[in-house]
Amino acid sequence: MILKPNQRSQIMPLPVVLLSTISQDGVRNAAPWSCVTPVLRPLDEVLIASWLKRDTLENIRQTGEFVINVPRAGMEDAVMTCAKSFPPEVDELKEAGLVARPSVKVKPPGIEGCLAWAECTVEEEIAREKYVLIVGRVVHLEADDRFFSPENGMDFEKAMPLCIMGSNKGMQFVRPTATGEKGGYAHHP
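Shown next as structure tokens:
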């Protein structure tokens, strides 16, 4: 089957995160995001891509801060509520029934019930004609002890992190499972 190049979400599972931000006026915002990735191990940077017209992007530009919250399966309704186009003065955490979690190093709150929280500050914005790339530095990273161990990382079977797969009819929520195989990383200086 030949697909169009823009149908890449049909061949690659994309992560689902909730980016939480806060406006200059103190209004909390939460938006689902799939265009987010860590930047090369062992660096402490992340990259997010955003359309130009997003309240989340405006908040990030105003404050220089955001939190990447990793939701688990069972939070799909809250994720979809946050995907709605609310006016900028609406507290989206409240609309979605989400509970704020105090952050350690940034002003935007994390979101209770998520698997992990990456508190970030903006390092750089790279502008393109229709979108921007935001390079963020993770200044505080925390994970729910029930689903992580120092030696093995995330227990995917217990944690059930959300992902999506695209199709011509929309998206489907999925989650990764472990295959049982493990491998080491190549060493890079």
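Here full-length UniProt numbering is used: position 184 in the sequence shown is 184, and no number is missing along the way.
Every residue gets a Cβ at the ideal spot worked out from N, C-alpha and C, and that includes glycine.
Computed from a predicted structure; not experimentally measured.
From the options, residue whose alpha carbon lies closest to that of residue i
| i | options | result |
| --- | --- | --- |
| residue 161 | 169, 148, 167 | 148 |
| residue 64 | 163, 37, 20 | 20 |
| residue 79 | 187, 164, 186 | 164 |
| residue 206 | 12, 123, 172, 75 | Summary: the structure shown does not reach residue 206, with the chain confined to residues 1 through 189, and so no result is reported for it. |
DSSP state of residue i mapped onto helix, strand, coil
| i | result |
| --- | --- |
| residue 172 | strand |
| residue 93 | helix |
| residue 15 | strand |
| residue 80 | helix |
| residue 152 | coil |
Limits of the alpha helix (DSSP H) - the one that residue i falls within
| i | result |
| --- | --- |
| residue 61 | 55-63 |
| residue 181 | Unbroken run through residue 181: none, as it is neither H nor E. |
| residue 209 | Shown here, the chain extends from 1 to 189; a query on residue 209 therefore has no answer. |
Distance between residue j and residue i (C-alpha atoms, nearest Å)
| i | j | result |
| --- | --- | --- |
| residue 192 | residue 6 | Because the chain spans 1 through 189 in this model, residue 192 falls outside it and cannot be assessed. |
| residue 57 | residue 136 | 12 Å |
| residue 53 | residue 32 | 15 Å |
| residue 132 | residue 126 | 6 Å |
| residue 141 | residue 150 | 13 Å |
| residue 95 | residue 186 | 44 Å |
| residue 84 | residue 97 | 14 Å |
| residue 182 | residue 146 | 21 Å |
| residue 69 | residue 2 | 35 Å |
| residue 42 | residue 144 | 21 Å |
| residue 134 | residue 102 | 23 Å |
| residue 44 | residue 138 | 6 Å |
| residue 154 | residue 177 | 11 Å |
| residue 11 | residue 121 | 31 Å |
| residue 173 | residue 24 | 33 Å |
| residue 168 | residue 4 | 11 Å |
Beta carbon of residue i nearer than 8 Å to that of residue j
| i | j | result |
| --- | --- | --- |
| residue 34 | residue 46 | no |
| residue 100 | residue 111 | yes |
| residue 115 | residue 72 | yes |
| residue 108 | residue 22 | yes |
| residue 82 | residue 14 | no |
| residue 166 | residue 9 | yes |
| residue 75 | residue 113 | yes |
Limits of the unbroken beta strand (DSSP E) element including residue i
| i | result |
| --- | --- |
| residue 120 | 116-127 |
| residue 37 | 36-39 |
| residue 31 | 28-33 |
| residue 167 | 163-167 |
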